[in-house]
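Notes for the one structure printed next.
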Amino acid sequence: MADTPATIALGDPKNFDLRAPGAGVDRQPVGMHFYERNWPMKALGSVRYLQGRRSFDIPWVSGVMGSADPEEPEQGIYSWHVTAFAMQEPRVSHELARNRLFGMFRDMLMVGWRPFVEVGDPRLFGAQAVRHLLQEGGLVYLDGSYLPTMEQWMKLNEHLPYWCFWADGVYLSVQVVDEPALRDPAVDGVYMFSITLESEAPHFWPYFDKVEDMRRWKELVPAELARVAATRPGKEAALRRQGYVIDENYRDPPILALGQTQGS
52 MADTPATIAL GDPKNFDLRA PGAGVDRQPV GMHFYERNWP MKALGSVRYL
102 QGRRSFDIPW VSGVMGSADP EEPEQGIYSW HVTAFAMQEP RVSHELARNR
152 LFGMFRDMLM VGWRPFVEVG DPRLFGAQAV RHLLQEGGLV YLDGSYLPTM
202 EQWMKLNEHL PYWCFWADGV YLSVQVVDEP ALRDPAVDGV YMFSITLESE
252 APHFWPYFDK VEDMRRWKEL VPAELARVAA TRPGKEAALR RQGYVIDENY
302 RDPPILALGQ TQGS
(Lines of atoms letter the chains of each structure in order from A; the text may use other names.)
(Lines give C-alpha, C1' and ligand atoms only; values in the text may rest on other atoms or scores of the structure.)
Protein backbone atom coordinates (compact mmCIF):
# COMPACT_ATOMS: atom_id res chain seq x y z
CA MET A 52 0.00 0.00 0.00
CA ALA A 53 1.27 3.48 -0.83
CA ASP A 54 3.09 5.16 2.07
CA THR A 55 1.81 8.71 1.44
CA PRO A 56 -1.98 8.89 1.55
CA ALA A 57 -4.04 10.82 -0.92
CA THR A 58 -6.30 13.38 0.74
CA ILE A 59 -9.92 14.14 -0.06
CA ALA A 60 -12.25 16.82 1.28
CA LEU A 61 -15.66 18.23 0.48
CA GLY A 62 -16.07 21.81 -0.67
CA ASP A 63 -13.20 23.76 -2.25
CA PRO A 64 -11.33 21.56 -4.79
CA LYS A 65 -8.08 23.12 -3.59
CA ASN A 66 -8.45 21.26 -0.30
CA PHE A 67 -7.60 17.80 -1.60
CA ASP A 68 -4.59 16.08 -3.16
CA LEU A 69 -5.02 12.82 -5.05
CA ARG A 70 -1.26 12.39 -5.33
CA ALA A 71 -0.82 12.14 -9.12
CA PRO A 72 0.15 10.25 -11.28
CA GLY A 73 -3.10 8.40 -11.75
CA ALA A 74 -5.32 11.36 -10.93
CA GLY A 75 -7.37 13.42 -13.33
CA VAL A 76 -10.48 15.50 -13.95
CA ASP A 77 -13.24 14.12 -16.15
CA ARG A 78 -15.31 17.01 -17.54
CA GLN A 79 -18.58 15.57 -18.81
CA PRO A 80 -20.49 17.14 -21.73
CA VAL A 81 -23.42 17.85 -19.40
CA GLY A 82 -21.10 20.03 -17.35
CA MET A 83 -20.31 17.80 -14.36
CA HIS A 84 -16.73 17.51 -13.17
CA PHE A 85 -15.40 14.28 -11.69
CA TYR A 86 -12.08 14.16 -9.85
CA GLU A 87 -10.70 10.64 -10.00
CA ARG A 88 -7.84 8.39 -9.08
CA ASN A 89 -7.48 4.63 -9.29
CA TRP A 90 -4.88 2.29 -7.82
CA PRO A 91 -3.92 -1.19 -9.12
CA MET A 92 -5.04 -4.12 -6.97
CA LYS A 93 -1.41 -5.08 -6.37
CA ALA A 94 -0.67 -1.64 -4.94
CA LEU A 95 -3.79 -0.35 -3.20
CA GLY A 96 -3.70 3.19 -1.91
CA SER A 97 -4.45 4.95 1.34
CA VAL A 98 -6.81 7.92 1.60
CA ARG A 99 -7.26 10.43 4.40
CA TYR A 100 -10.59 12.22 4.51
CA LEU A 101 -10.13 15.77 5.80
CA GLN A 102 -12.80 17.42 7.94
CA GLY A 103 -10.95 19.10 10.77
CA ARG A 104 -11.23 17.09 13.95
CA ARG A 105 -13.56 14.63 12.15
CA SER A 106 -10.78 13.46 9.81
CA PHE A 107 -9.99 9.75 9.48
CA ASP A 108 -8.10 7.28 7.29
CA ILE A 109 -9.35 4.72 4.76
CA PRO A 110 -6.84 1.94 3.93
CA TRP A 111 -6.65 -0.42 0.93
CA VAL A 112 -8.37 1.91 -1.53
CA SER A 113 -8.70 1.01 -5.22
CA GLY A 114 -10.44 4.19 -6.37
CA VAL A 115 -11.87 7.57 -5.44
CA MET A 116 -14.17 9.91 -7.35
CA GLY A 117 -15.29 13.38 -6.33
CA SER A 118 -18.26 15.12 -7.97
CA ALA A 119 -18.72 18.84 -8.58
CA ASP A 120 -21.17 20.98 -10.55
CA PRO A 121 -19.43 23.89 -12.29
CA GLU A 122 -22.78 25.69 -12.48
CA GLU A 123 -22.72 25.90 -8.67
CA PRO A 124 -19.06 26.65 -7.93
CA GLU A 125 -19.82 27.82 -4.39
CA GLN A 126 -20.75 24.24 -3.55
CA GLY A 127 -17.40 22.83 -4.66
CA ILE A 128 -17.05 19.07 -4.43
CA TYR A 129 -20.31 17.83 -2.94
CA SER A 130 -19.60 14.09 -2.75
CA TRP A 131 -16.81 11.53 -2.75
CA HIS A 132 -17.17 7.87 -3.60
CA VAL A 133 -14.43 5.56 -2.35
CA THR A 134 -13.98 1.89 -3.22
CA ALA A 135 -11.93 0.07 -0.61
CA PHE A 136 -11.14 -3.47 0.43
CA ALA A 137 -10.65 -5.28 3.73
CA MET A 138 -7.30 -6.62 2.65
CA GLN A 139 -4.30 -6.32 0.39
CA GLU A 140 -4.01 -10.11 0.12
CA PRO A 141 -6.22 -12.02 -2.40
CA ARG A 142 -8.67 -13.19 0.27
CA VAL A 143 -9.29 -12.55 3.93
CA SER A 144 -11.00 -14.38 6.79
CA HIS A 145 -14.52 -13.20 7.53
CA GLU A 146 -13.60 -12.32 11.11
CA LEU A 147 -10.62 -10.22 10.07
CA ALA A 148 -12.71 -8.42 7.42
CA ARG A 149 -15.34 -7.60 10.03
CA ASN A 150 -12.74 -6.42 12.53
CA ARG A 151 -10.99 -4.20 10.00
CA LEU A 152 -14.22 -2.53 8.95
CA PHE A 153 -15.21 -1.91 12.54
CA GLY A 154 -11.71 -0.68 13.31
CA MET A 155 -12.39 2.15 10.84
CA PHE A 156 -15.81 2.69 12.44
CA ARG A 157 -14.15 2.87 15.87
CA ASP A 158 -11.72 5.51 14.62
CA MET A 159 -14.61 7.52 13.16
CA LEU A 160 -16.65 7.34 16.35
CA MET A 161 -13.66 8.45 18.39
CA VAL A 162 -13.40 11.69 16.39
CA GLY A 163 -17.09 12.50 16.66
CA TRP A 164 -19.00 10.72 13.89
CA ARG A 165 -22.42 9.46 15.01
CA PRO A 166 -24.68 6.67 13.74
CA PHE A 167 -27.49 7.99 11.54
CA VAL A 168 -31.13 7.01 11.02
CA GLU A 169 -33.27 8.41 8.21
CA VAL A 170 -35.93 10.88 9.37
CA GLY A 171 -38.89 8.60 8.69
CA ASP A 172 -37.27 5.39 9.95
CA PRO A 173 -37.63 3.87 13.41
CA ARG A 174 -34.82 4.65 15.83
CA LEU A 175 -33.25 1.21 16.10
CA PHE A 176 -29.64 0.74 17.12
CA GLY A 177 -27.28 -2.04 18.09
CA ALA A 178 -28.72 -5.54 18.08
CA GLN A 179 -32.20 -4.10 17.51
CA ALA A 180 -31.23 -2.81 14.04
CA VAL A 181 -29.53 -6.12 13.18
CA ARG A 182 -32.62 -8.06 14.26
CA HIS A 183 -34.87 -5.85 12.15
CA LEU A 184 -32.73 -6.23 9.02
CA LEU A 185 -32.42 -10.00 9.37
CA GLN A 186 -36.13 -10.50 10.05
CA GLU A 187 -37.69 -7.87 7.80
CA GLY A 188 -35.08 -7.16 5.11
CA GLY A 189 -35.23 -3.89 3.21
CA LEU A 190 -32.88 -0.94 3.61
CA VAL A 191 -31.98 -0.59 7.27
CA TYR A 192 -29.00 1.48 8.39
CA LEU A 193 -27.00 -0.47 10.94
CA ASP A 194 -25.22 0.91 13.98
CA GLY A 195 -21.47 1.32 13.50
CA SER A 196 -20.92 1.25 17.26
CA TYR A 197 -22.31 -2.30 17.49
CA LEU A 198 -19.96 -5.16 16.56
CA PRO A 199 -22.11 -8.01 15.21
CA THR A 200 -21.34 -11.57 16.24
CA MET A 201 -19.78 -13.72 13.53
CA GLU A 202 -23.10 -15.54 13.09
CA GLN A 203 -24.83 -12.18 12.57
CA TRP A 204 -22.04 -10.95 10.28
CA MET A 205 -22.39 -13.91 7.92
CA LYS A 206 -26.16 -13.46 7.75
CA LEU A 207 -25.88 -9.70 7.26
CA ASN A 208 -23.77 -10.23 4.14
CA GLU A 209 -26.82 -11.68 2.39
CA HIS A 210 -28.53 -8.28 2.68
CA LEU A 211 -25.75 -5.99 1.34
CA PRO A 212 -25.71 -4.17 4.70
CA TYR A 213 -25.36 -0.41 5.09
CA TRP A 214 -23.92 1.63 7.93
CA CYS A 215 -24.50 5.37 8.00
CA PHE A 216 -22.96 8.20 10.05
CA TRP A 217 -23.13 11.97 10.23
CA ALA A 218 -20.88 14.76 11.50
CA ASP A 219 -21.11 18.54 11.10
CA GLY A 220 -23.31 18.60 8.00
CA VAL A 221 -21.69 15.61 6.27
CA TYR A 222 -23.26 12.17 5.79
CA LEU A 223 -21.23 9.00 5.30
CA SER A 224 -22.51 5.59 4.23
CA VAL A 225 -20.67 2.29 3.93
CA GLN A 226 -21.99 -0.77 2.12
CA VAL A 227 -20.51 -4.25 1.94
CA VAL A 228 -20.56 -5.24 -1.72
CA ASP A 229 -21.88 -8.74 -2.36
CA GLU A 230 -19.58 -11.61 -3.30
CA PRO A 231 -20.81 -15.24 -3.13
CA ALA A 232 -17.98 -16.46 -0.88
CA LEU A 233 -19.05 -13.94 1.76
CA ARG A 234 -21.91 -16.28 2.55
CA ASP A 235 -19.73 -19.34 3.20
CA PRO A 236 -18.02 -19.29 6.60
CA ALA A 237 -15.72 -22.10 5.51
CA VAL A 238 -14.20 -20.07 2.65
CA ASP A 239 -12.25 -16.83 3.01
CA GLY A 240 -13.91 -13.88 1.29
CA VAL A 241 -13.10 -10.95 -1.00
CA TYR A 242 -14.56 -7.98 0.84
CA MET A 243 -15.16 -4.71 -0.98
CA PHE A 244 -16.61 -1.65 0.71
CA SER A 245 -18.43 1.14 -1.10
CA ILE A 246 -18.02 4.37 0.89
CA THR A 247 -19.87 7.61 0.10
CA LEU A 248 -19.33 10.99 1.72
CA GLU A 249 -21.70 13.80 0.83
CA SER A 250 -22.61 17.28 1.96
CA GLU A 251 -26.13 18.31 2.95
CA ALA A 252 -27.33 19.24 -0.56
CA PRO A 253 -26.88 15.80 -2.20
CA HIS A 254 -28.09 14.13 0.97
CA PHE A 255 -31.46 15.87 0.64
CA TRP A 256 -31.79 15.85 -3.17
CA PRO A 257 -33.39 12.36 -3.21
CA TYR A 258 -36.43 13.81 -1.42
CA PHE A 259 -37.36 15.51 -4.71
CA ASP A 260 -38.06 14.25 -8.22
CA LYS A 261 -37.54 17.46 -10.19
CA VAL A 262 -34.15 19.06 -10.75
CA GLU A 263 -35.59 22.52 -10.09
CA ASP A 264 -36.85 21.31 -6.71
CA MET A 265 -33.46 19.84 -5.89
CA ARG A 266 -31.89 23.23 -6.50
CA ARG A 267 -34.46 24.75 -4.11
CA TRP A 268 -33.93 22.06 -1.48
CA LYS A 269 -33.22 24.50 1.35
CA GLU A 270 -36.57 26.15 0.76
CA LEU A 271 -38.57 22.95 0.33
CA VAL A 272 -36.96 20.42 2.63
CA PRO A 273 -38.44 21.55 5.99
CA ALA A 274 -41.98 20.71 4.89
CA GLU A 275 -40.87 17.49 3.24
CA LEU A 276 -38.97 16.34 6.33
CA ALA A 277 -41.97 17.15 8.52
CA ARG A 278 -44.16 15.01 6.28
CA VAL A 279 -41.73 12.09 6.40
CA ALA A 280 -41.04 12.43 10.14
CA ALA A 281 -44.76 12.09 10.82
CA THR A 282 -44.53 8.44 9.72
CA ARG A 283 -41.95 7.49 12.37
CA PRO A 284 -44.22 7.27 15.48
CA GLY A 285 -46.52 4.72 13.86
CA LYS A 286 -43.61 2.56 12.73
CA GLU A 287 -42.04 2.68 16.18
CA ALA A 288 -45.31 1.82 17.91
CA ALA A 289 -45.70 -1.26 15.71
CA LEU A 290 -42.16 -2.38 16.48
CA ARG A 291 -42.63 -1.89 20.22
CA ARG A 292 -45.56 -4.30 20.05
CA GLN A 293 -43.14 -6.83 18.54
CA GLY A 294 -40.70 -6.42 21.40
CA TYR A 295 -38.23 -4.02 19.80
CA VAL A 296 -36.53 -1.38 21.94
CA ILE A 297 -36.63 2.15 20.46
CA ASP A 298 -33.83 4.59 21.24
CA GLU A 299 -35.89 7.61 22.26
CA ASN A 300 -32.74 9.63 22.98
CA TYR A 301 -31.78 9.78 19.30
CA ARG A 302 -32.28 13.16 17.63
CA ASP A 303 -32.09 13.82 13.91
CA PRO A 304 -29.00 15.79 12.83
CA PRO A 305 -29.28 19.56 12.51
CA ILE A 306 -29.29 21.04 9.01
CA LEU A 307 -26.44 23.52 9.02
CA ALA A 308 -27.49 25.16 5.74
CA LEU A 309 -30.74 26.17 7.46
CA GLY A 310 -28.94 27.62 10.46
CA GLN A 311 -29.87 24.76 12.75
CA THR A 312 -27.62 23.66 15.60
CA GLN A 313 -27.46 20.48 17.64
CA GLY A 314 -30.57 20.18 19.75
CA SER A 315 -32.67 22.47 17.51
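The sequence shown runs 52 to 315 under my numbering.
All residues carry an ideal CB built from backbone N, CA and C; glycine is no exception.
Bear in mind the structure is a predicted one, so any value in this text is a computation, not a measurement.
Start-to-end residues for the alpha helix (DSSP H) that takes in Ala289:
Element bounds for Ala289: 283-292.
Would the beta-carbon of Ala178 fall within 9 Å of that of Tyr192?
No Cβ-Cβ contact shorter than 9 Å links Ala178 with Tyr192.
For the beta strand (DSSP E) that contains Asp108, what are its first and last residues?
Boundaries of the beta strand (DSSP E) harbouring Asp108: 107-119, taken from the DSSP string.
With a threshold of 6 Å on Cβ separation, who are the neighbours of Pro110 within its own chain once the five nearest residues in sequence on each side are excluded?
Excluding residues within five positions, the ones whose Cβ falls inside 6 Å are Ser97.
Residues in the same chain with beta-carbon distance under 6 Å from Tyr222, minus the five sequence neighbours each way, listed in chain order, please.
The beta carbon of Tyr222 sits closer than 6 Å to those of Glu249, His254, all from its chain and outside the five residues before and after it, given in chain order.
Please go through the same chain and pick out, in chain order, the residues whose beta-carbon is closer than 6 Å to the beta-carbon of Leu318, but skip the five residues on each side of it.
Shown here, the chain extends from 52 to 315; a query on residue 318 therefore has no answer.
In the DSSP assignment, the alpha helix (DSSP H) including Glu275 goes from what residue to what residue?
Per DSSP, Glu275 belongs to the alpha helix (DSSP H) from 268-280.
Report the option in Met161, Cys215, Gln313 whose CA atom is closest to the CA atom of Phe244.
Comparing Cα-Cα distances from Phe244 to each of Met161, Cys215, Gln313, the minimum goes to Cys215.
Where Asn66 falls: helix, strand or coil (DSSP)
In this structure, Asn66 counts as helix in the three-state DSSP scheme.
Can you tell me which of Asp219, Arg266, Arg151 puts its alpha carbon nearest to the alpha carbon of Ile306?
A check of alpha carbon separations from Ile306 across Asp219, Arg266, Arg151 identifies Asp219 as the nearest.
Look at the alpha carbon of Gly114 and the alpha carbon of Ala94, and state the distance between them as a whole number of angstroms.
Looking at the two C-alpha atoms, the distance is approximately 11 Å.
If the criterion is Cβ atoms closer than 9 Å, does the pair Leu14 and Leu207 meet it?
For residue 14 there is no data in the structure shown, the boundaries of the chain being 52 and 315.
Mind pulling the beta strand (DSSP E) runs of 3 or more residues that sit fully within the segment 118-157?
Whole beta strand (DSSP E) segments, 3+ residues: 128-136.
Looking at the structure shown, is Asn208 part of a helix, part of a strand, or coil, going by DSSP?
Note: Asn208 maps to helix in three-state DSSP.
Segment limits, alpha helix (DSSP H) that includes Glu249
Per DSSP, Glu249 lies in no alpha helix (DSSP H) segment; the continuous beta strand (DSSP E) that holds it begins and ends at 243-250.
Using 10 angstroms around the beta-carbon of Asp63, count the other beta-carbons present and answer buried if the total reaches 16, otherwise exposed.
By the 10 Å Cβ count, Asp63 comes out exposed.
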